[in-house]
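For what it's worth, my numbering labels the leading residue of the sequence shown as 1, then goes sequentially.
We put the beta carbon where it would ideally sit given N, CA and C, even for glycine.
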Amino acid sequence: MSAEPAMKNSDKYMQEIREYWKKIDELNATLPEKDQFFTVSIQPRCPEPASFFTYYRLYALDNTNPTPLTSKRFTEPRKDYPVLTMLQIFSFRYVGDFLGDQSMLVYGFIAIRDELDCLRNYIFNCPREQAHEITPDSGTLPLISPVRGNSILDGVLLEYSLKVKSNGSDNAEMDYVLADGCIEYTDHMILRGTTLKSRLFGKLGPVDFHYAFLSQGIEATVDIEIPMASPAWGLKAVTAFTSGLSDAIVLYDGSTDSSPAQSVFPISSVVTVQLGHELKLNFDITSKDTVRKGCARRFVPWKAASAQYQRPDVVMDGEPEPKTYSRFLTFISQKCSFDSGKVSVGDEFKAEVTVIWSTMGPY
């Protein structure tokens with residue numbers, strides 16, 4: 001492609017960005033300052049011609065491989081390991097209207113590319129065959145832990161492609177695009193130390209996401225094991241709160257499980273914490289109590305011949321009423337090394353936690 005068509009496409013993409021900015025400005029004008037959206041520049045994932053666009057070349061968007069780098073790589077003290085700004089994603093949520101209050105099946109991916117290797121570090125990766133159902137009551141996507149922290153030297157890129165399965169069709173070409181694009185954040189344009197909210201517009205409705213850039217970021221790998229859980233006891237959820245921010249990071253959500261089995265443990269999650277700041281873990285532990293919800297006593301008589309000699313049985317209708325116990329652990333981030341802690345409910349349930357602190361290494 002010659003330079004002239006490339007420039008025309010560049011102008012087209014820039015006009016789309018300006019239209020997006022205008023929408024955000026109009027929306028923010030109706031909102032109090034604390035609820036306003038952080039303005040970003042949304043670019044196509046596959047611009048034409050790709051080689052003409054710096055962000056496409058810089059982050060190697062033609063390479064769709066996941067990052068091979070893992071967490072816990074720099075846990076020993078080294079003076080030459082810098083502490084950099086890091087990115088923490090909290091949530092992605094569809095906030096549009098559901099046609100006829102029907103649910104939608106969402107699939108696709110969300111990934112972060114940083115300058116460490118410019119490869120995808122997934123926080124959502126759901127194939128079409130395992131599409132996640134969102135409903136009017138729950139439009140949040142179940143994010144997964146990145147495999148390592150995401151640092152920012154000069155910038156970082158968020159890449160996403162989300163689709164909705166068409167009803168009654170096995171043909172992926174009939175599916176709908178929920179959101180598709182990428183956002184480059186450069187060091188001079190980001191706000192640090194506060195939760196940011198941005199909006200993606202699509203034909204099906206908007207998607208909001210919450211995130212934060214934390215200066216002097218430390219990679220915290222949270223490893224959780226369940227050495228002991230009595231029958232009917234289990235871990236319902238684990239959430240993390242970082243650096244004094246109010247948004248929760250879901251490390252584990254067992255609310256959809258039909259039983260409290262701990263077969264998924266141990267689990268490992270990566271969270272970003274500002275150096276010297278607090279990482280708070282909240283554990284929701286459940287047990288199925290003998291008290292039943294919506295219960296009613298019901299007498300079941302024995303046969304008439306034995307009724308005068310036997311007391312009638314008493315049974316309880318309804319399912320067991322689960323009880324939830326909350327336990328907390330708090331750690332202060334370090335540049336390296338590790339911390340550990342335990343939570344328990346009597347002798348019925350115990351969880352052990354190890355937090356391993358790491359920088360992102362030399363640059």
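{"Query": "Which listed residue (Q274, T242, G181) has its alpha carbon closest to that of S41", "Result": "G181"}
{"Query": "Of the residues F283, S269, V83, the one placed nearest S145, counting alpha carbons only", "Result": "S269"}
{"Query": "Status (buried if at least 16 other CB within 10 Å, exposed otherwise) for P47", "Result": "buried"}
{"Query": "Contacting residues, own chain, Cβ-Cβ under 6 Å from M7 (five flanking each side not counted)", "Result": "none"}
{"Query": "M394 - DSSP class collapsed to helix/strand/coil", "Result": "With the chain covering 1 to 363 only, the question about residue 394 has no answer from this structure."}
{"Query": "Endpoints, beta strand (DSSP E) assigned at K125", "Result": "Correcting the residue identity first, residue 125 is Asn in this sequence and not Lys. Per DSSP, N125 belongs to the beta strand (DSSP E) from 121 to 126."}
{"Query": "Alpha-carbon to alpha-carbon, F98 and T140", "Result": "13 Å"}
{"Query": "Rounded straight-line distance, which links the Cα of T286 to that of L251", "Result": "17 Å"}
{"Query": "Minimum C-alpha distance to S161 - residue among L84, S151, V177", "Result": "V177"}
{"Query": "Nonlocal neighbours in the same chain, by C-beta distance under 8 Å from V345, ignoring five residues either side", "Result": "W233, I285, S287, Y325, R327"}
{"Query": "Sub-8 Å separation of F412 and A351 beta-carbons", "Result": "Here the chain has residues from 1 to 363 only, and residue 412 is not among them."}
{"Query": "Straight-line gap, V353 to L275 (C-alpha atoms, nearest Å)", "Result": "20 Å"}
{"Query": "Three-state class that DSSP yields for E219 in the structure shown", "Result": "strand"}
{"Query": "Contact set for G361: own chain, Cβ-Cβ below 7 Å, skip 5 residues either direction", "Result": "R73, F74, Y81"}
{"Query": "Rounded straight-line distance, which links the Cα of R78 to that of L157", "Result": "28 Å"}
{"Query": "Alpha-carbon to alpha-carbon, D347 and R128", "Result": "43 Å"}
{"Query": "Local Cβ density within 10 Å of N150, reported as buried at 16 or more and exposed below that", "Result": "buried"}
{"Query": "At least three beta-carbon pairs within less than 8 Å, the segment 16 to 25 to the segment 182 to 194", "Result": "no"}
{"Query": "Enclosing beta strand (DSSP E) for Q102 [first to last residue]", "Result": "Counting along the chain, Q102 falls outside any beta strand (DSSP E), and DSSP gives it neither H nor E."}
{"Query": "Segment limits, beta strand (DSSP E) that includes Y94", "Result": "85 to 94"}
{"Query": "Beta-carbon proximity check, I123 vs L153, cutoff 8 Å", "Result": "no"}
{"Query": "Closer than 8 Å to chain B by CB, I134", "Result": "Reference to chain B is not applicable here, since this structure consists of a single protein chain."}
{"Query": "Cβ pair count under 8 Å reaching 3, the segment 128 to 137 against the segment 101 to 117", "Result": "yes"}
{"Query": "Within 8 Å, strictly: CB atoms of E278 and S243", "Result": "yes"}
{"Query": "Length of the line joining the Cα atoms of P5 and G96", "Result": "35 Å"}
{"Query": "Inter-residue Cα distance where the pair is F109 and N125", "Result": "4 Å"}
{"Query": "Inside the segment 135 to 176 only - beta strand (DSSP E) runs reaching at least 3 residues", "Result": "155 to 164"}
{"Query": "Simplified DSSP assignment, three categories, for Y81", "Result": "coil"}
{"Query": "Cutoff 8 Å; reference F338; Cβ partners in own chain excluding five residues on either side", "Result": "T75, T354, V355, I356, W357"}
{"Query": "Contact check, N65 vs L119, beta carbons under 8 Å", "Result": "yes"}
{"Query": "Close Cβ partners of L329 (< 7 Å) along its chain, the five nearest in sequence each way excluded", "Result": "L281, G341, V343, V353"}
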